[in-house]
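Using the numbering used here, the first residue of the sequence shown is number -9, and each one after it goes up by one. All residues carry an ideal CB built from backbone N, CA and C; glycine is no exception. Remember, predicted model here, so these are calculated numbers, not experimental data.
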Amino acid sequence: EAITAIDDEEGYSHGTAAASVMGANGNNDECAVGIAPSSTLSFCTYTEDLVPNVVTYKLDTFDISTNSWGPVACNLQGRRKRRNLQDEECAFEFNPTPGPWICELCDFNNVTDVCQLLVSLHCNTFFSFDREACIEHLDVVLGGSGQCGFGPIYEELEDAFERGVLDGRNGKGVLYVFASGNELTQGEDASQQNYIQNNRFTISVGAVGQDGKLAPYSTPGTAVMISAPGGNDYLSLTQQVVAALNGVCGNSGPGSKYSTCYCIICCAP
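Set out below in structure tokens:
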């Protein structure tokens, strides 16, 4: 049954889809059965400053804390500078149009704002077709000034996680599972996400695509402990059928948020 949206319909729809992947009941002709249909689910809505309270909420009740969200970091105001290399040739090979494209429109010895935008659009749309070139030009894709910055986990939150893993689940510890993120094409790395994904109290989950390899959006990094199916962009057959708002079914869409839901199988006590 869909959670009724109050303020943010899109946000609640996402929560409903995630809950459907994890615990939707079966044998009822409704959408699809969840991974653990006999599980009991609860959901929390909160702002970032309330995270410590959520982490320690009802430690005697919850076994697994599944978190299909992450901190916002590499936004438009906090990305790396574009480069200006000498004698650099165009490394892109995939041309999606019959007309002029990046290699004809851009001078990679002097990357202009227009060229930076073209590269960013190309890589965000056709990353899997031009993977090596997009990885080589991640700094061009990122643009802006400064570097992506994740501060270390703050003391109050660290204490909350520690209390959860020591006192939760009757002394066995609550299992905190987090999505690694969907920002590979933005140059993010889970190992830099000290706030949530890269700390010793959480399990960071990445996404694999239809071929069982790293999905072209999934944030990588040494902090990623496990990966699970997350679906492919533009390929609905690889995505889950989930419950949506207003009592209907729909495609989940791709994302490591759904890989996180799958990993409750590995974590279930």
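Task: Opening and closing residue of the alpha helix (DSSP H) in which Ile255 lies - done: Here residue 255 is taken as the residue at index 265 of the sequence shown, counted from 1. Element bounds for Ile255: 254 to 257.
- [ ] Report yes if the CB atom of Ser217 is closer than 8 Å to the CB atom of Gln229, and no otherwise.
- [x] Here residue 217 refers to the residue found at position 227 when the sequence shown is read from its first residue. Here residue 229 refers to the residue found at position 239 when the sequence shown is read from its first residue. Taking 8 Å as the Cβ cut-off, Ser217 and Gln229 do not qualify as a contacting pair.
Task: Beta-bridge partners of Ile193, as assigned by DSSP - done: Locating residue 193 in the sequence shown gives position 203, counting from the first residue. Note: Ile193 sits in a beta bridge opposite Val167.
Open item on the list: Tell me the residue span of the alpha helix (DSSP H) that contains Cys239.
Closed with: For the purposes of this step, residue 239 is taken as residue 249 along the sequence shown, with counting starting at 1. Unbroken run through Cys239 is the beta strand (DSSP E), 239 to 241; no alpha helix (DSSP H).
Open item on the list: Using a Cβ distance threshold of 8 Å, determine whether the stretch 84 to 95 contacts the stretch 163 to 178, with at least three qualifying pairs required.
Closed with: no
Open item on the list: Rounded to whole angstroms, what is the Cα-Cα separation between Asp267 and Leu235?
Closed with: Residue 267 is absent from the structure shown; the chain starts at -9 and stops at 259.
Open item on the list: My output table needs one value for Ala233: the three-state DSSP class, helix, strand or coil.
Closed with: Numbered from its first residue, the sequence shown carries residue 233 at position 243. Ala233 falls in the strand class under three-state DSSP.
Open item on the list: Three or more C-beta pairs under 8 Å: does that hold for the stretch 147 to 166 against the stretch 196 to 214?
Closed with: no
- [ ] Could you spell out where the alpha helix (DSSP H) holding Asn114 opens and where it closes?
- [x] Counting from 1 along the sequence shown, the entry for residue 114 is found at position 124. That run of the alpha helix (DSSP H) goes 103 to 116.
Task: Reference Tyr166; option with closest CA among Phe52, Gly16, Asp120 - done: Walking along the sequence shown from the start, residue 166 turns up at place 176. Considering only alpha carbons, the answer is Phe52.
Task: Three-state secondary structure (DSSP) of Ser29 - done: In the sequence shown, counting from the first residue as 1, residue 29 sits at position 39. Coil, per DSSP.
Open item on the list: Could you compute how far the alpha carbon of Pro219 sits from the alpha carbon of Val44?
Closed with: Position 229 of the sequence shown, counting from 1, holds the residue named residue 219. Position 54 of the sequence shown, counting from 1, holds the residue named residue 44. Answer to the nearest angstrom: the Cα atoms are 27 Å apart.
TODO: Look up Ser55 in the DSSP assignment and give the residues it is bridged to.
DONE: One-based indexing of the sequence shown puts residue 55 at position 65. Ser55 is bridged to Tyr166.
TODO: Flag this pair as yes or no: are the beta carbons of Ala22 and Lys247 separated by less than 8 Å?
DONE: By 1-based counting over the sequence shown, the position of residue 22 is 32. By 1-based counting over the sequence shown, the position of residue 247 is 257. In this structure, Lys247 does not lie closer than 8 Å to Ala22 by Cβ.
TODO: May I have the straight-line CA-CA distance separating Gly177 from Asn17, to the nearest angstrom?
DONE: Here residue 177 is taken as the residue at index 187 of the sequence shown, counted from 1. Here residue 17 is taken as the residue at index 27 of the sequence shown, counted from 1. Looking at the two C-alpha atoms, the distance is approximately 43 Å.
Open item on the list: Taking the alpha-carbon of Val198 as reference, which of Phe151, Phe116, Thr250 has the nearest alpha-carbon?
Closed with: The count along the sequence shown starts at 1 and reaches residue 198 at position 208. Nearest of Phe151, Phe116, Thr250 to Val198, Cα basis: Thr250.
Open item on the list: Once the 5 residues before and after Pro27 are set aside, which same chain residues still bring their CB inside 8 Å of it?
Closed with: Numbered from 1 along the sequence shown, position 37 holds the residue referred to as residue 27. Within the same chain, Pro27 has close Cβ partners Gly13, Ala14, Asn15, Gly16.
- [ ] Look at the Cβ atom of Thr56, then the Cβ atom of Ala150, and state whether they are nearer than 8 Å.
- [x] By 1-based counting over the sequence shown, the position of residue 56 is 66. By 1-based counting over the sequence shown, the position of residue 150 is 160. No, Cβ-Cβ distance for Thr56 and Ala150 is not below 8 Å.
Task: CA-to-CA distance, Val41 to Trp148, given in whole angstroms - done: Sequence index remark: in the sequence shown, residue 148 carries index 158 (1-based). Sequence index remark: in the sequence shown, residue 41 carries index 51 (1-based). Reading off the sequence, residue 148 comes out as Glu, not Trp. Those two C-alpha atoms are separated by around 11 Å.
Task: Rounded C-alpha distance that separates Cys257 from Glu126 - done: Taking the sequence shown and counting its residues from 1, one reaches residue 257 at position 267. Taking the sequence shown and counting its residues from 1, one reaches residue 126 at position 136. So the two alpha carbons sit approximately 36 Å from each other.
- [ ] State the DSSP-derived secondary structure class of Ser249, mapped to helix, strand or coil.
- [x] In the sequence shown, residue 249 corresponds to position 259, counting from 1. DSSP places Ser249 in helix when its eight states are reduced to three.
Open item on the list: Beta-carbon within less than 8 Å of Gly245's beta-carbon, same chain only, minus the 5 sequence neighbours each way: which residues are those?
Closed with: In the sequence shown, residue 245 corresponds to position 255, counting from 1. Ser58, Ala169, Asn172, Ala197, Tyr207, Gly220, Gly221.
Task: 8 Å Cβ cutoff met for Thr35 and Ala233 - done: Mapped onto the sequence shown, residue 35 falls at position 45. Mapped onto the sequence shown, residue 233 falls at position 243. In this structure, Ala233 does not lie closer than 8 Å to Thr35 by Cβ.
Task: Alpha-carbon spacing of Cys105 relative to Asp179, whole angstroms - done: The count along the sequence shown starts at 1 and reaches residue 105 at position 115. The count along the sequence shown starts at 1 and reaches residue 179 at position 189. Between Cys105 and Asp179, the C-alpha separation is close to 25 Å.
Open item on the list: Using C-beta distances below 8 Å, list every residue in its chain close to Asp120, excluding the 5 sequence neighbours before and after it, in chain order.
Closed with: Mapped onto the sequence shown, residue 120 falls at position 130. Result list for Asp120: Phe82, Glu83, Phe84, His112, Cys113, in chain order.
Task: Buried or exposed (CB count within 10 angstroms, at least 16 for buried), Tyr252 - done: Position 262 of the sequence shown holds residue 252. Looking at its Cβ environment, which holds 16 or more other Cβ atoms inside 10 Å, Tyr252 is buried.
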